[in-house]
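Note that the sequence shown covers residues 7 to 143 in our numbering. Note that CB positions come from ideal geometry on N, CA and C, so glycine has one too.
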Amino acid sequence: MAEMVNLSRLYNSAARRALTESYLFLTRRKTFGKVALEHPLVRKKLQKLFALNIGQFYLTWKAIDTLDQADNGDNEAAQLIRFLTPMAKRYTAENSVFLVRESMELMGGMGYIEDGIMPKIMRDVLVLLFGKALEIS
């Protein structure tokens with residue numbers, strides 16, 4: 007059972023979809039006479055968010071690779087996965103909320119409309135964050 011819980015903890019990155027949605031929105035959105043992505047501050051914000059997401063991605067895949075090694079009998083990997091899994095879960099859960107919130111803000115009011123996907127993504131990452139908080143207490 008513990009192995010299944012460890013594996014399920016690693017499926018905790020939902021923020022990439024939010025980044026993709028905001029990027030696609032910004033490729034079509036016109037502000038002040040030009041496409042929103044042409045504004046330096048918008049590009050800078052997206053670069054920061056994508057860099058954070060890439061960091062989460064590599065941490066998650068390192069944890070998955072370590073779990074695979076532990077499942078194949080590597081004792082050092084088995085010890086490493088004991089703290090790498092909760093660390094990856096906490097880091098990705100907290101940062102996913104930040105990434106989704108910032109993606110919603112980049113889209114302006116359209117990011118908060120319930121007809122779109124962004125509010126659902128936010129609810130999903132909040133569930134993961136609250137699940138992490140309940141595990142710790």
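Please work out which residues of its chain come closer than 7 Å, Cβ to Cβ, to Tyr29, disregarding the five sequence neighbours upstream and downstream, and give them in chain order.
Within the same chain, Tyr29 has close Cβ partners Leu52.
Is the segment 61 to 76 touching the segment 34 to 45 in the sense that three or more CB pairs, one from each, lie closer than 8 Å?
Cβ pair count under 8 Å is below three, so no.
With Ile123 as the anchor, note down where its alpha helix (DSSP H) starts and where it stops.
Membership of Ile123 in any alpha helix (DSSP H) is not indicated, and neither H nor E is assigned to it by DSSP.
Do you know how far the Cα of Leu47 is from the Cα of Leu132?
About 27 Å.
Could you tell me whether the segment 116 to 123 touches the segment 82 to 95, where touching means 3 or more Cβ pairs closer than 8 Å?
In short, these stretches do not touch, since the Cβ pair count stays below three.
Taking the straight line between their C-alpha atoms, what separation do you get for Gln85 and Ser102?
Between Gln85 and Ser102, the C-alpha separation is close to 26 Å.
Please report the straight-line C-alpha distance between Leu73 and Thr37, rounded to a whole angstrom.
Rounded to the nearest angstrom, the two C-alpha atoms are 46 Å apart.
State yes or no: is the C-beta of Phe31 within less than 9 Å of the C-beta of Leu112?
Their beta carbons are under 9 Å apart, which means Phe31 touches Leu112 by this criterion.
Leaving aside the five residues before and after Ala76 along the sequence, list all residues of the same chain whose C-beta is less than 7 Å from its C-beta, in chain order.
Cβ within range, chain order: Ala83, Ala84 and Ile87.
Would you please state the rounded distance, in angstroms, between the beta carbons of Arg34 and Ile127? I believe it to be under 8 Å.
Not really, about 19 Å apart at Cβ, beyond 8 Å.
When the distance is taken between beta carbons, is Leu135 closer than 9 Å to Glu100?
With a cutoff of 9 Å on beta-carbon distance, Glu100 and Leu135 are scored as near each other.
Spatial neighbours of Asn59 within its chain, please: CB distance less than 7 Å, with the 5 preceding and 5 following residues excluded, ordered by chain position.
Within the same chain, Cβ atoms closer than 7 Å to the Cβ of Asn59 are found at Ala21, Arg22, Leu25 and Leu105, the five residues on either side in sequence being excluded.
Beta bridge counterpart(s) of Val41 as assigned by DSSP:
Looking at the DSSP assignment, Val41 forms a beta bridge with Lys36.
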